[in-house]
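Data first, discussion second: the structure below is written as structure tokens.
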Amino acid sequence: MVNAADIVVMNPPYVRQESIDPSRKKYYIDTYKFDKKSDIYVYFFQRALRLLNPHGIVSAITSDKWLETSYGIKLQGHLKSRLISVYGQRNRSFEADVNTVITVYSNEMQQGPVDFVYLESYGSKSVRRKISMERPGLKPGKWFYLRAP
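Residues 8 to 156, numbered by my numbering, are exactly what the sequence shown covers, in order.
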């Protein structure tokens with residue numbers, strides 16, 4: 008069933024890298040080629056692409072840390088050409104202990120800007136802020152677009 012799905016919706020577990028079993032962590036690092044300090048959800052981003060058909064789309068609810076940490080740099084580079092939009096909100100989701108974002112990306116290379124949208128809350132149509140970034144301007148590093156004034 009590899010490369011079969013039109014859409015993948017995921018909410019991977021929030022597990023810090025220190026809590027990942029060492030043998031499982033080695034497998035993730037060898038298979039997905041992300042930073043060894045990545046929290047577990049980072050590996051799900053690439054796994055989701057492997058489940059999609061060539062035109063499929065992913066919607067992922069994850070921690071927002073990949074936008075601003077050193078371990079997120081490889082993921083940013085990996086997603087830059089595929090990103091459609093990233094949504095953040097003021098309140099935490101699902102009583103999680105982390106701030107979350109919804110990231111929408113495609114198996115297809117995308118053209119045009121990436122939208123970073125800060126909502127009043129998920130499910131709300133009230134947009135507090137929207138920043139559209141052209142892809143050449145998305146340099147790996149700290150993507151604070153959802154935190155900008």
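Yeah, the Cβ is synthetic: ideal placement off N, Cα and C, and Gly gets one too.
Per-residue burial, residue 55 [other beta carbons within 10 Å of its own, 16 or more giving buried]
In the sequence shown, residue 55 corresponds to position 48, counting from 1. Buried is the call here.
Report the CB separation of residue 111 from residue 124 in whole angstroms; it is logged as a contact under 8 Å.
Indexing the sequence shown from 1 puts residue 111 at position 104. Indexing the sequence shown from 1 puts residue 124 at position 117. About 10 Å separates the two Cβ atoms, so there is no contact after all.
Can you list, in chain order, the residues of its chain with a C-beta nearer than 6 Å to that of residue 43? Leave out the 5 residues immediately preceding and following it.
Here residue 43 refers to the residue found at position 36 when the sequence shown is read from its first residue. So the qualifying residues of the chain are 36.
Integer-rounded CB distance, given that residue 48 should sit under 8 Å from residue 69:
Along the sequence shown, one-based indexing puts residue 69 at 62. Along the sequence shown, one-based indexing puts residue 48 at 41. Right, the Cβ-Cβ distance comes to about 5 Å (below 8 Å), so this counts as a contact.
Three-state class that DSSP yields for residue 84 in the structure shown
Here residue 84 corresponds to residue number 77 of the sequence shown, with the count starting at 1. Here residue 84 sits in helix by DSSP.
For residue 121, count the other beta carbons within 10 Å of its own beta carbon; 16 or more makes it buried, fewer makes it exposed. Which is it?
Translated into the one-based positions of the sequence shown, residue 121 becomes position 114. Looking at its Cβ environment, which holds 16 or more other Cβ atoms inside 10 Å, residue 121 is buried.
Along the chain, where does the alpha helix (DSSP H) that runs through residue 56 open and close?
Within the sequence shown, residue 56 is the residue found at index 49, counting from 1. Where residue 56 is concerned, the enclosing alpha helix (DSSP H) stretches over 48-58.
Relative to the C-alpha of residue 52, which residue among 130, 33, 20 is closest?
Taking the first residue of the sequence shown as 1, we reach residue 52 at position 45. The option with the nearest alpha carbon to residue 52 is 20.
Taking residue 114 as the reference, which of 12, 62, 80, 154 has the closest Cα?
In the sequence shown, counting from the first residue as 1, residue 114 sits at position 107. Here the closest residue by C-alpha is 62.
Coarse secondary structure for residue 125, derived from DSSP in three states
Locating residue 125 in the sequence shown gives position 118, counting from the first residue. Residue state, collapsed to three classes: strand.
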